[in-house]
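J.: Taken in sequence, the protein lines are chains A and B.
Each residue of the first sequence is one higher than the one before, counting from 14 in the working numbering.
Each residue of the second sequence is one higher than the one before, counting from 14 in the working numbering.
Dropping a structure here in structure tokens format, bear with me for questions.
There are 2 protein chains.
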Amino acid sequence: MPELRKDPVIGRWVIIATERGKRPTDFERIETKRGGGFCPFCPGNEAKTPPEVYAIRDPGTQRDGPGWRVRVVSNKFPALQIEGELHRKPEGIYDKMSGVGAHEVIIETTDHDHDTAHLPVEQINDLFVACRERMIDLAKDKRFRYIQVFKNHGAPAGASLEHSHTQLIATPIVPRRVVEELKGCNQHFDWKERCIFCDIVDQELTVGSRIVCVNDDYVVIVPFAPRFPFETMLIPRRHEHYFEDAYRGDFLSLARIYRETLGRMNVALGNPPFNVVLHTSPCNDWEAPRHYHWHLELIPKLTKVAGFEWGTGFYINPTPPEEAAQFLREAAVPAGPEGSQA
Amino acid sequence: MPELRKDPVIGRWVIIATERGKRPTDFERIETKRGGGFCPFCPGNEAKTPPEVYAIRDPGTQRDGPGWRVRVVSNKFPALQIEGELHRKPEGIYDKMSGVGAHEVIIETTDHDHDTAHLPVEQINDLFVACRERMIDLAKDKRFRYIQVFKNHGAPAGASLEHSHTQLIATPIVPRRVVEELKGCNQHFDWKERCIFCDIVDQELTVGSRIVCVNDDYVVIVPFAPRFPFETMLIPRRHEHYFEDAYRGDFLSLARIYRETLGRMNVALGNPPFNVVLHTSPCNDWEAPRHYHWHLELIPKLTKVAGFEWGTGFYINPTPPEEAAQFLREAAVPAGPEGSQA
């Protein structure tokens, strides 16, 4: 019999179609392949992007020239604009606001041909350092309430360029989903005097059946009530409100388990297109983050059923989380460039 | 400059990327084409579906045989199961429920080759009658709290069979999105003592720029803050809580404007895949529907950017609603089978 399961943080019910039990090979495979052509993110083409706003560079190299390891530029087609004042105004019964914000691209590597899962952990560490530095800098702008870090990989997941990159959008509002999670965290704390994410980590480590991988600092699980097959969540084991504060800036442990999770997803599901979304506490807001616990959501794009879910907020997941976790756990992950996964 | 706009019912902000202003031809066209092969929904193949639960038939014809105009059967691969008791139970900190429900398919026509947009209005009227009859019947089951009617058209929108059909799922919970709308409606009423949807209809008819089409009973608009390009909303002009009660069962006026809207979408966007979702008041609940106003959401599937939106609830819409409405309004809709659109 199918099961209805409730997300413990935001209270969303999903249908887990246990009888179908779709295995990785049951999904249509859309392997992310690499084409050719000109790439504005490759070294030597720095003049083809908007000016650099941040980079991790070799000593003595020049801004907007080669010599970088990770490079951050404004998005050439930004969703929001950095200039202008934040005006709120009515339009009859409706409400609107000027589209003030920032939209930046973090070029993860000089290597056009390798995905994040194949980069050295030191390189992924640099990617997270760049995210943190940009988040701290953008949060100084009091117009912004949230810095949304995300990654689209592969065209079906919304990527328009194949060279491995992460993006961030600074917004004058907190995204709806984060608001819902903040409310859920506060409600849980009011009642239990504990963090809901800490409770989740505790129960998942005890039960074990939804664990994908774990190290001293982080745990990756398939959530109890996921919307999508093979969706995973990467959670720090220590209670931390802000991604920017994670382990006082040492992201090596995070880089290792992030790469391992992507590697397991690639092996189990055949290099699928995917999205990663960082959920962290809002900036310029002292009230909200009391009980929040930052985490990453990783969503491989395997299914097409979308409009019904958009219209109802009601999701049907054809793969039980326990089975998805087992497939990911048992995937034979190749050793990384530095010869070690651990 | 881009604009942030707030949905007046559920308070969701979206980014309207006014500068990009994507026109219909800027989207990758995924025209819904018809293949061949065996179809279990065609007349003569009635034995290949689960047994008929309802049909509109010619006098003297037999259940599960030919002679029907609209036929409702259980979904062969149901998301929820009709048998069993509704158990709620904990799993540590988590909550789950047995997957009790109903999942039915409404075969809209005997004609394999024609989409809803090309059916006679009388046939579409029969489709809505079938929806109403099944909703009234299923609502007698006290385990159910909501009857979700929806349509997936074309494979990219989640349809697995091409013969024109609508579906319904009866669930023991109210879908999240409907709960949010009910809350928004109640909040608006508490403050204004008016229905928010009635206010929307009033303002849209006054302003005019987001109107797609209108008749005496219904209005179709591109909402002020839509998530997706060319998303539309079909709203009854009279305040009605329940779809089932609409105009005491006369759906001809609804059938006309529904077909016209689908026709305009097909002409303007090149027969795109799409989803339709009915939002109506919950059943077996006397409290909730006080101020709700049923409506249909029509969402053409034009964009791929999905995971970011799923992760954040934050949508970027590349086409301003006023432009989308104009394209749909100006689309040259062919006359229907009975020779008239009006």
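We put the CB at the ideal spot given by N, CA and C, even for glycine.
All values reported here derive from a predicted model rather than from experimental measurement.
Leaving out five residues on either side along the sequence, give the residues of the same chain with a beta carbon under 8 Å from the beta carbon of Val86(B).
T.: The residue labelled residue 86(B) in the question sits at position 73 within the second sequence. Thr62, Pro63, Pro64, Glu65, Val66, Glu117, Val118 and Ile120.
J.: Where are the alpha helix (DSSP H) runs, 4 residues long or more, that stay fully inside the segment 282–333 of chain A, in chain order?
T.: You should have 320–325.
J.: State the Cα-Cα distance for the pair Ala338(A) and Glu41(A), rounded to the nearest angstrom.
T.: The residue labelled residue 338(A) in the question sits at position 325 within the first sequence. The residue labelled residue 41(A) in the question sits at position 28 within the first sequence. Their backbone Cα atoms lie some 19 Å apart in a straight line.
J.: So is Gly324(A) in contact with chain B if we call contact Cβ pairs under 7 Å?
T.: For this step, residue 324(A) is matched to residue 311 along the first sequence. Interface residue, yes.
J.: Using 10 angstroms around the beta-carbon of Met14(B), count the other beta-carbons present and answer buried if the total reaches 16, otherwise exposed.
T.: In the second sequence, counting from the first residue as 1, residue 14(B) sits at position 1. Its Cβ having fewer than 16 others within 10 Å, Met14(B) is exposed.
J.: Three-state secondary structure (DSSP) at Leu93(B)?
T.: In the second sequence, residue 93(B) corresponds to position 80, counting from 1. If DSSP states are grouped into helix, strand and coil, Leu93(B) belongs with coil.
J.: So if DSSP puts Met110(A) in a beta bridge, which residue, or which two residues, is it bridged to?
T.: As a working mapping, residue 110(A) is identified with position 97 in the first sequence. Met110(A) pairs with Arg101(A) and Leu17(B).
J.: Check whether the Cβ atoms of Ala92(A) and Ile29(B) lie closer than 7 Å to each other.
T.: The residue given as residue 92(A) occupies position 79 in the first sequence. The residue given as residue 29(B) occupies position 16 in the second sequence. Not a contact, by the Cβ cut-off of 7 Å.
J.: Within 7 Å of any Cβ in chain B, is that where the Cβ of Trp26(A) sits?
T.: Taking the first residue of the first sequence as position 1, residue 26(A) is located at position 13. So, interface residue.
J.: Considering only C-alpha positions, which residue in the set Arg342(A), Pro133(A), Pro79(A) and Arg250(A) is nearest to Leu282(A)?
T.: Your numbering for residue 282(A) matches position 269 in the first sequence. Closest option to Leu282(A), Cα to Cα, is Arg342(A).
J.: If you draw a straight line from the alpha carbon of Trp26(A) to that of Glu193(B), how long is it in whole angstroms?
T.: In the first sequence, counting from the first residue as 1, residue 26(A) sits at position 13. In the second sequence, counting from the first residue as 1, residue 193(B) sits at position 180. When rounded, the distance between both Cα atoms is 14 Å.
J.: Would you kindly check if the distance between the Cβ of Trp307(A) and the Cβ of Phe256(A) is under 7 Å?
T.: The count along the first sequence starts at 1 and reaches residue 256(A) at position 243. The count along the first sequence starts at 1 and reaches residue 307(A) at position 294. Taking 7 Å as the Cβ cut-off, Phe256(A) and Trp307(A) qualify as a contacting pair.
J.: With respect to the alpha helix (DSSP H) encompassing Gln12(A), which residues constitute its N-terminal and C-terminal limits?
T.: In the structure as shown, chain A begins at 14 and stops at 355. Residue 12(A) is therefore absent and cannot be evaluated.
J.: Look at the alpha carbon of Lys102(B) and the alpha carbon of Arg18(A), and state the distance between them as a whole number of angstroms.
T.: Numbered from its first residue, the second sequence carries residue 102(B) at position 89. Numbered from its first residue, the first sequence carries residue 18(A) at position 5. For Lys102(B) and Arg18(A), the distance between alpha carbons rounds to 10 Å.
J.: In three-state terms, what does DSSP make of Ile209(A)?
T.: Reading the first sequence from its first residue, position 196 is the one you call residue 209(A). Residue state, collapsed to three classes: helix.
J.: By Cβ distance, which residues of its chain are closer than 8 Å to Ser353(B), with the 5 residues on each side in sequence left out?
T.: Counted from its first residue, the second sequence places residue 353(B) at position 340. Note that Ser353(B) scores 42 on pLDDT, short of 50, meaning its location in the model is unreliable; the coordinates nonetheless yield the value given after this. Excluding residues within five positions, none has a Cβ falling inside 8 Å.
J.: To the nearest angstrom, report how far apart Tyr107(A) and Phe237(B) are at their CA atoms.
T.: Within the first sequence, residue 107(A) is the residue found at index 94, counting from 1. Within the second sequence, residue 237(B) is the residue found at index 224, counting from 1. Their backbone Cα atoms lie some 8 Å apart in a straight line.
J.: Would you list, in chain order, the members of the segment 167–184 of chain B that have their beta-carbon closer than 9 Å to a beta-carbon of chain A?
T.: Answer set for the segment 167–184 of chain B: Ala168, Pro169, Ala170, Gly171, Gln180, Ile182 and Thr184.
J.: Three-state secondary structure (DSSP) at Ala115(B)?
T.: In the second sequence, counting from the first residue as 1, residue 115(B) sits at position 102. Note: Ala115(B) maps to strand in three-state DSSP.
J.: Assign His131(A) to one of three DSSP states: helix, strand, or coil.
T.: In the first sequence, counting from the first residue as 1, residue 131(A) sits at position 118. Helix, per DSSP.
J.: Quick one: which residues of the segment 234–256 of chain B get their C-beta closer than 8 Å to a C-beta of chain A? List them in chain order.
T.: Within the segment 234–256 of chain B, the residues whose Cβ lies closer than 8 Å to some Cβ of chain A are Phe237, Ala238, Arg240 and Phe241, listed in chain order.
J.: Please list the partners that Tyr107(B) has in chain A, where partner means a Cβ-to-Cβ separation under 8 Å.
T.: In the second sequence, the residue the question calls residue 107(B) occupies position 94. The contacting residues are Arg18, Lys19, Pro21, Gln216, Phe237 and Ala238.
J.: Return the bridge partner residues of Phe163(B) from the DSSP annotation.
T.: Position 150 of the second sequence holds residue 163(B). The partner list for Phe163(B) (beta bridge, DSSP) reads Gln180(B) and Val290(B).
J.: Can we say the segment 286–296 of chain A touches the segment 170–182 of chain A, given the rule of at least three CB pairs closer than 8 Å?
T.: These segments touch.
J.: Count the other C-beta atoms from every protein chain shown that fall within 10 angstroms of the C-beta of Glu44(B), then say buried if there are 16 or more, exposed otherwise.
T.: Taking the first residue of the second sequence as position 1, residue 44(B) is located at position 31. Answer is exposed; the Cβ neighbour count stays below 16.
J.: Which residue comes first and which comes last in the beta strand (DSSP E) that contains Tyr67(B)?
T.: For this step, residue 67(B) is matched to residue 54 along the second sequence. Glu65 to Arg70 is the span of the beta strand (DSSP E), which, as asked, contains Tyr67(B).
J.: DSSP beta-bridge partners for Pro249(A)?
T.: Locating residue 249(A) in the first sequence gives position 236, where the first residue counts as 1. Beta-bridge pairing links Pro249(A) to Tyr231(A).
J.: Any residues in the segment 139–169 of chain B with a beta carbon nearer than 8 Å to a beta carbon of chain A? Which ones, in chain order?
T.: Against chain A - using a Cβ distance shorter than 8 Å - the residues of the segment 139–169 of chain B are Gln161, Phe163, Asn165, Ala168 and Pro169.
J.: When you compare the segment 150–162 of chain B with the segment 180–187 of chain B, are there three or more beta-carbon pairs, one atom per stretch, that lie closer than 8 Å?
T.: Cβ pair count under 8 Å is three or more, so yes.
J.: Please name the residue, chosen from Phe90(B), Arg76(B), Arg277(B) and His254(B), that lies closest to Thr245(B) on a Cα-to-Cα basis.
T.: In the second sequence, the residue the question calls residue 245(B) occupies position 232. Selected option, being the one with the closest Cα: Arg277(B).
J.: Let's test the definition: count the other Cβ atoms within 10 Å of the Cβ of Gly57(A) and tell me whether it reaches 16, buried, or not, exposed.
T.: Locating residue 57(A) in the first sequence gives position 44, counting from the first residue. Exposed, because fewer than 16 other Cβ atoms sit within 10 Å of the Cβ of Gly57(A).
J.: Out of curiosity, what's the CA-to-CA distance linking Glu335(A) and Leu315(B)?
T.: The residue labelled residue 335(A) in the question sits at position 322 within the first sequence. The residue labelled residue 315(B) in the question sits at position 302 within the second sequence. Going by the C-alpha atoms only, they are around 34 Å apart.
J.: Would you call Phe210(A) buried or exposed, if buried means 16 or more other Cβ atoms sit within 10 Å of its Cβ?
T.: The count along the first sequence starts at 1 and reaches residue 210(A) at position 197. With 16 or more Cβ atoms within 10 Å of its Cβ, Phe210(A) is classed as buried.
J.: For chain A, find out if any of its Cβ atoms is closer than 7 Å to the Cβ of Glu117(B); answer yes or no.
T.: Numbered from 1 along the second sequence, position 104 holds the residue referred to as residue 117(B). Not closer than 7 Å to any Cβ of chain A, the Cβ of Glu117(B) fails to qualify, so no.
J.: DSSP on Val187(B), reduced to helix/strand/coil?
T.: By one-based count along the second sequence, residue 187(B) stands at place 174. The answer is coil: DSSP assigns Val187(B) none of H, G, I, E or B.
J.: Strictly under 7 Å for the Cβ-Cβ distance: is Ala92(A) near chain B by that measure?
T.: Your numbering for residue 92(A) matches position 79 in the first sequence. At least one chain B Cβ lies under 7 Å of Ala92(A).
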